[in-house]
Amino acid sequence: MTATVGRHSQAAARANDVWKVYGTGEAQVAALRGVSAEFERGRFTAIMGPSGSGKSTLMHCLAGLDSVSKGTVQIGDTTVTGLGDSGLTKLRRDKVGFIFQQFNLLPTLTAQENILLPMSIAGRKPDPAWYDTVIDTVGLRDRLGHRPSQLSGGQQQRVACARALVARPEVIFADEPTGNLDSRSGAEVLNFLRNSVREHGQTIVMVTHDPTAAAYADRVVFLADGQIVSELIEPTADTVLDTMKKLDTPVEVAG
Amino acid sequence: MLRATLKSLLARKVRLLLSGLAVVLGVMFVSGAFVLTDTLGRSFDAVFADAYEGIDVNVAGKPKVALSEMQGEPVPTTVPAATVQRVDAVAGVAEATGVVTTDGAQLIGSNGKVVTSFGPPQLGSNWQGESDLVKLREGRAPGADDEIVVNAALAQAGKVKVGDRVGVQTPLAPKQTFTLVGVFGYSGDRDSIGGVNEIAFTTPVAQRLLLGERDVFTNITVRAADGVSDTRLRDDVARTLGDGFEVKTGAQLSADASASLKEGLSFFNKILLGFAAVALLVGTFLILNTFSIIVAQRTRELALMRAIGASGRQIIGSVVLEAVAIGLIASVLGLGAGIGIGALLAYVFGNLAGGLTLAGIGVPASAVIGSFAVGLVITVVAALLPALRAARIPPIAAMQDVANPDRPLTRVTVTGGVITGIGAVLLFLGLSGTAGGSTLAVILGGVLFAFIGVALLTPLISRPVVSLLGAIFAWSVPGKLGRLNSGRNPRRTAITAAALMVGIALVTGVTVILDSAKGSIGALARDNIKAELVISGASAGPRPASFDPAVLEKAAALPGVQLADGEYGDMGMVDGKVTWLAASSDVTALQRIFGAKATAGDISRLGPDQMLFSSDTAKSRNVSVGSTVTVQASRGEPRTYTVSGIYESSELTSPVQLPPQAVKDFAIPKPNQGFIQLAPGARVADVQPQLETLLADSPEVSVADRDAFVAQQTGSLDSLLTMIQILLALAIVIAVLGIVNTLALSVLERTRELGLLRAIGLRRAQTMRMITVEAVVISIFGALLGIVVGVGLGAAVVRALKDEGITDLILPWGQMGLFLLLAAIIGVVAAVLPAVRAARINVLGAIAHD
Numbered sequence: 001m002t003a004t005v006g007r008h009s010q011a012a013a014r015a016n017d018v019w020k021v022y023g024t025g026e027a028q029v030a031a032l033r034g035v036s037a038e039f040e041r042g043r044f045t046a047i048m049g050p051s052g053s054g055k056s057t058l059m060h061c062l063a064g065l066d067s068v069s070k071g072t073v074q075i076g077d078t079t080v081t082g083l084g085d086s087g088l089t090k091l092r093r094d095k096v097g098f099i100f101q102q103f104n105l106l107p108t109l110t111a112q113e114n115i116l117l118p119m120s121i122a123g124r125k126p127d128p129a130w131y132d133t134v135i136d137t138v139g140l141r142d143r144l145g146h147r148p149s150q151l152s153g154g155q156q157q158r159v160a161c162a163r164a165l166v167a168r169p170e171v172i173f174a175d176e177p178t179g180n181l182d183s184r185s186g187a188e189v190l191n192f193l194r195n196s197v198r199e200h201g202q203t204i205v206m207v208t209h210d211p212t213a214a215a216y217a218d219r220v221v222f223l224a225d226g227q228i229v230s231e232l233i234e235p236t237a238d239t240v241l242d243t244m245k246k247l248d249t250p251v252e253v254a255g
Numbered sequence: 001m002l003r004a005t006l007k008s009l010l011a012r013k014v015r016l017l018l019s020g021l022a023v024v025l026g027v028m029f030v031s032g033a034f035v036l037t038d039t040l041g042r043s044f045d046a047v048f049a050d051a052y053e054g055i056d057v058n059v060a061g062k063p064k065v066a067l068s069e070m071q072g073e074p075v076p077t078t079v080p081a082a083t084v085q086r087v088d089a090v091a092g093v094a095e096a097t098g099v100v101t102t103d104g105a106q107l108i109g110s111n112g113k114v115v116t117s118f119g120p121p122q123l124g125s126n127w128q129g130e131s132d133l134v135k136l137r138e139g140r141a142p143g144a145d146d147e148i149v150v151n152a153a154l155a156q157a158g159k160v161k162v163g164d165r166v167g168v169q170t171p172l173a174p175k176q177t178f179t180l181v182g183v184f185g186y187s188g189d190r191d192s193i194g195g196v197n198e199i200a201f202t203t204p205v206a207q208r209l210l211l212g213e214r215d216v217f218t219n220i221t222v223r224a225a226d227g228v229s230d231t232r233l234r235d236d237v238a239r240t241l242g243d244g245f246e247v248k249t250g251a252q253l254s255a256d257a258s259a260s261l262k263e264g265l266s267f268f269n270k271i272l273l274g275f276a277a278v279a280l281l282v283g284t285f286l287i288l289n290t291f292s293i294i295v296a297q298r299t300r301e302l303a304l305m306r307a308i309g310a311s312g313r314q315i316i317g318s319v320v321l322e323a324v325a326i327g328l329i330a331s332v333l334g335l336g337a338g339i340g341i342g343a344l345l346a347y348v349f350g351n352l353a354g355g356l357t358l359a360g361i362g363v364p365a366s367a368v369i370g371s372f373a374v375g376l377v378i379t380v381v382a383a384l385l386p387a388l389r390a391a392r393i394p395p396i397a398a399m400q401d402v403a404n405p406d407r408p409l410t411r412v413t414v415t416g417g418v419i420t421g422i423g424a425v426l427l428f429l430g431l432s433g434t435a436g437g438s439t440l441a442v443i444l445g446g447v448l449f450a451f452i453g454v455a456l457l458t459p460l461i462s463r464p465v466v467s468l469l470g471a472i473f474a475w476s477v478p479g480k481l482g483r484l485n486s487g488r489n490p491r492r493t494a495i496t497a498a499a500l501m502v503g504i505a506l507v508t509g510v511t512v513i514l515d516s517a518k519g520s521i522g523a524l525a526r527d528n529i530k531a532e533l534v535i536s537g538a539s540a541g542p543r544p545a546s547f548d549p550a551v552l553e554k555a556a557a558l559p560g561v562q563l564a565d566g567e568y569g570d571m572g573m574v575d576g577k578v579t580w581l582a583a584s585s586d587v588t589a590l591q592r593i594f595g596a597k598a599t600a601g602d603i604s605r606l607g608p609d610q611m612l613f614s615s616d617t618a619k620s621r622n623v624s625v626g627s628t629v630t631v632q633a634s635r636g637e638p639r640t641y642t643v644s645g646i647y648e649s650s651e652l653t654s655p656v657q658l659p660p661q662a663v664k665d666f667a668i669p670k671p672n673q674g675f676i677q678l679a680p681g682a683r684v685a686d687v688q689p690q691l692e693t694l695l696a697d698s699p700e701v702s703v704a705d706r707d708a709f710v711a712q713q714t715g716s717l718d719s720l721l722t723m724i725q726i727l728l729a730l731a732i733v734i735a736v737l738g739i740v741n742t743l744a745l746s747v748l749e750r751t752r753e754l755g756l757l758r759a760i761g762l763r764r765a766q767t768m769r770m771i772t773v774e775a776v777v778i779s780i781f782g783a784l785l786g787i788v789v790g791v792g793l794g795a796a797v798v799r800a801l802k803d804e805g806i807t808d809l810i811l812p813w814g815q816m817g818l819f820l821l822l823a824a825i826i827g828v829v830a831a832v833l834p835a836v837r838a839a840r841i842n843v844l845g846a847i848a849h850d
């Protein structure tokens with residue numbers, strides 16, 4: 001118990017026996033079946049799994065975007081489970097950053113305004129030194145006045161990354177951040193995410209189905225049928241691919 | 001996925017119905033107008049058919065002055081009493097009865113006030129005994145000269161009962177007191193026929209009070225002997241009497257009477273149709289916008305259809321089909337609502353008119369055809385542009401990310417400029433009076449073109465104006481986001497704002513015109529009428545209020561009164577041309593009160609055979625001092641006058657001025673207005689109460705100081721303004737629907753974006769504020785546009801009316817400020833539903849990729 005408490009304080013996000021059940025009766029489908037996982041501070045964790053494995057659902061539940069049917073979710077020392085809308089909004093505002101596959105920038109705002117949006121919504125001023133660091137890291141200084149429509153996909157995603165980073169959230173959730181990018185832009189974004197973890201101690205949880213992307217993470221958690229089935233520390237693209245292949249064979253999963 | 005599709009389809013249906021609501025309202029007006037006029041028309045037919053049932057043939061005199069409906073109330077004509085015997089002697093006549101019946105006999109109720117009428121005549125007549133139609137309910141017939149009977153509805157309205165001493169005044173005679181000896185009703189236990197009230201006197205009194213002559217009747221009613229046809233008898237009577245008489249059958253009489261009322265109704269009908277047009281114009285903008293947004297949202301889907309082989313024509317067809325469906329549904333709903341509204345209005349009108357018995361509610365074919373034509377055409381026309389745009393979506397768009405590129409505004413701006421120009425030219429032609437008979441059509445066309453043109457120019461204007469307006473809200477993040485959103489799609493913002501513009505522009509324009517008119521009248525009266533006190537009153541019927549001329553002499557004798565002048569008027573003929581005849585009890589008032597200046601001859605005195613001309617009239621009639629002219633007033637014989645002087649025309653002077661002796665032949669030989677000039681040093685407060693005492697027996701008028709008089713004169717303009725504002729408020733309500741619709745569609749379109757904002761920490765309240773700011777910016781923009789366009793239109797009309805005496809252009813700043821405030825409120829109200837919807841967006845659902 002003591003150890004759990006100790007490790008708890010280390011975790012940026014934590015899921016305790018999380019169940020997520022859709023529908024009722026005959027049509028009941030369990031997307032998550034008792035998932036327990038911890039995502040340590042200052043680490044880059046990838047969640048992988050075949051489609052339908054529940055990896056996105058897990059992330060949504062962790063981020064407080066979706067409610068859980070059973071179990072609890074914590075971000076830092078905040079218990080997400082049971083929070084009302086205003087509590088969730090405050091959580092998202094203060095402790096969570098998002099990066100989406102679809103970039104999701106506001107077309108009416110410039111890159112800079114998009115980056116600063118979460119801070120201005122919360123009515124906070126960014127730390128200028130940190131802001132400069134983020135801008136230089138994503139390499140967008142000469143693009144700050146541009147609208148999203150004037151930026152390439154990679155640039156847009158880097159803006160989205162900067163937006164997530166600049167508020168220094170407890171944890172950043174990235175949902176297939178390279179899904180819409182070519183491999184070169186994807187690599188740029190992933191490098192950038194890894195650097196923000198290594199150099200600045202940011203915590204990132206990323207959902208992906210791309211083994212190459214997962215290889216950038218410090219740790220990969222594998223889901224299948226709503227349960228955690230495997231885990232890799234310091235993965236490479238090859239080890240990830242191997243594990244995935246095993247997961248695709250039902251016998252192996254059962255074993 | 002299927003569920004999502006079904007859901008979005010349902011959501012679209014709701015939206016389409018919302019925009020269809022504008023068409024429903026427009027169609028409702030159209031069908032309501034037709035139903036109302038049809039129902040009232042048939043009711044009038046029934047009333048007159050009933051009232052003239054006992055008359056087979058009617059003989060009446062010819063009017064001395066032939067007036068059209070617009071020129072004034074007809075004056076009763078007379079036939080000599082001897083004619084009754086001549087008619088009676090015609091073969092086939094069973095009975096000929098001399099009848100006195102004229103409009104304008106007013107009962108003074110137990111509260112001392114004249115019993116008013118909202119339209120139906122207030123008849124005075126000679127009591128002809130009971131008949132199939134008329135039955136005494138209580139009391140007896142009038143036998144002596146100071147006895148009268150009235151119909152039951154009038155007795156109720158005036159709160160008088162049999163045995164009371166009651167006051168009666170007629171156009172010819174000031175208030176006199178009678179004993180009410182009986183109350184009568186009509187067949188079928190009715191208190192009144194169609195709201196008409198009637199006071200019956202003995203025949204000599206009726207002749208004296210109503211016709212001002214002895215031994216004359218207004219008409220002779222004839223009953224035919226058995227077996228004699230009405231038309232043959234009519235021709236026989238006409239032949240016997242010769243020229244100078246109008247002989248008609250009862251059926252003709254009833255049809256004529258009904259037709260003249262229906263003419264008034266058709267005017268009413270046109271007004272309602274006018275408002276329908278405004279509602280439909282606004283509705284067109286709304287539907288155009290809705291379809292544009294829907295097409296934009298469905299770009300990918302439509303492109304896919306193109307990609308799998310649908311032709312452009314099929315795409316247009318599918319969009320137009322949707323429009324037809326909406327148009328049909330809206331027409332049906334509008335028709336139903338219109339029938340309801342028409343019936344309700346008919347009921348209200350019937351009650352207002354004093355208990356008009358309504359014939360059954362009728363739905364004429366014109367209402368049905370009109371409803372469907374208008375509803376369908378408007379919807380399809382409005383959907384046509386978006387349909388064409390849909391057809392131009394390239395199939396490749398299915399494969400690309402949906403982007404809404406900002407199409408250049410050049411073409412729409414140029415088109416808008418041209419159409420605005422056409423509108424301006426039409427307005428100029430219409431207002432400068434060079435368009436001849438079609439002036440009204442040209443002006444209305446000009447207004448329509450101006451509206452459409454400005455609407456097309458609006459996208460261009462919207463960018464700078466909206467960003468300027470939005471700057472007010474830029475202090476908060478949601479405010480800034482809302483501002484940016486409203487500037488995001490200039491066309492959409494523009495059309496939404498333009499819908500509001502139409503209503504606000506019309507209200508502002510009308511306000512500018514009426515305020516200018518009021519201001520000009522006020523300035524004229526204050527600056528140019530040198531009278532401290534004015535006797536006047538609002539009329540209780542179609543005739544102007546009048547008072548006992550004896551008051552003037554008594555007023556002149558009051559201490560402190562320098563000059564007491566009474567003004568008379570009559571629509572008569574000068575040398576065969578219809579002319580407004582004026583007469584003053586004191587001719588010197590022309591100079592001393594109205595400041596007239598002589599341009600020829602002497603205008604300070606007037607002999608009984610002399611008259612004066614205004615300079616304009618003298619010029620147009622080619623008359624100079626010394627000319628002789630023939631004047632025919634409403635009654636009596638034509639008289640010849642010598643022109644003894646000519647005065648300079650001004651807004652205060654009448655075309656011609658007759659001596660006081662001439663007023664005995666006027667339709668109302670009593671003064672309509674009195675102007676009292678006080679001696680230097682005399683105080684208004686001292687004289688006014690004494691005048692009030694003198695006027696105790698003239699219940700129609702009151703005495704007022706100059707400011708109160710001006711207020712009285714312009715009071716009718718105020719109520720006109722209020723009425724127009726209420727009706728135009730409907731156009732504004734439709735525009736609000738438009739804002740709701742646009743916002744709701746925008747919220748739907750930006751679901752993902754809203755989800756993102758919520759995901760990165762935008763609170764629900766902030767989300768709602770963002771949507772509200774967007775709505776407020778759009779509605780204030782629309783109001784600003786409307787005010788600018790309205791002031792432009794109003795100023796143009798005021799300028800055109802310069803020669804009619806509207807010399808001052810008065811801008812209603814207070815009202816305009818009020819409109820802006822109203823627009824802000826409208827924005828907030830319109831934002832409520834979309835904002836709640838936006839705030840309720842499921843964050844996960846919005847951002848999770850499908």
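If you're matching them up, the sequences are chains A and B in order. The UniProt record's numbering numbers the first residue of the first sequence as 1 and each following residue consecutively. The UniProt record's numbering numbers the first residue of the second sequence as 1 and each following residue consecutively. Ideal Cβ placement from N, Cα and C applies to all residues, glycine included.
Fully enclosed beta strand (DSSP E) runs of no fewer than 3 residues occupy 171–175, 204–207, 219–224 and 227–233 of the segment 158–234 of chain A, in order along the chain. The beta carbon of B:Q128 is closer than 7 Å to those of T97 and V99 in its chain, skipping five residues each way along the sequence. For the segment 81–100 of chain A, the set of positions with a beta-carbon nearer than 9 Å to some beta-carbon of chain B reads D85, S86, L88, T89, K90, L91, R92, R93, D94, V96, G97, F98 and F100 in chain order. With respect to chain A, the C-beta atom of B:G761 has a partner C-beta closer than 8 Å. Taking 8 Å as the CB threshold, A:N104 lines the interface with chain B. Neighbours of B:Q766 in chain A, taken as residues at a C-beta separation under 8 Å, are given in chain order as I121. Counting along the chain, no alpha helix (DSSP H) covers B:A583; the unbroken beta strand (DSSP E) around it starts and ends at K577 to S584. Residue contact with chain B for A:D17: absent (no Cβ-Cβ distance below 8 Å to any residue of chain B). By the criterion of a C-beta distance shorter than 6 Å, B:L253 is surrounded in its chain by Y52 and N58, once the five residues flanking it on both sides are discounted. Chain-order list of chain B residues neighbouring A:D66: L844, by C-beta distance under 7 Å. Proximity to A:R184 across A:G226, A:Q202 and A:Q155 peaks at A:Q155, based on C-alpha coordinates. In the DSSP assignment, A:V29 is bridged to A:Y22. A:G153 places its beta carbon less than 8 Å from that of A:L181.
As computed with DSSP, B:A94 is found in no beta bridge at all. In the three-state reduction of the DSSP assignment, A:A37 falls in the strand class, which pools E and B. Contact annotation for A:P118 against chain B: I760 and G761 [CB-CB distance below 8 Å, chain order]. The way I'd put it, the segment 120–136 of chain B does touch the segment 174–187 of chain B; three or more beta-carbon pairs between them come closer than 8 Å. Judged by beta-carbon spacing, B:G124 lies within the 8 Å limit of B:A206, meaning their Cβ atoms are closer than that value. B:F178 has its alpha-carbon roughly 10 Å from the corresponding atom of B:A144.
When rounded, the separation of the alpha-carbon atoms in B:G188 and B:R223 is 22 Å. Shown here, B:K135 sits in a strand according to DSSP, grouped into three states. In its chain, beyond the 5 residues on either side, P478, L481 and G482 have a beta carbon closer than 6 Å to the beta carbon of B:M770. Only residues of its own chain outside the window of five on either side were considered, and among them F29 and L727 have a CB closer than 6 Å to the CB of B:F275, listed in chain order.
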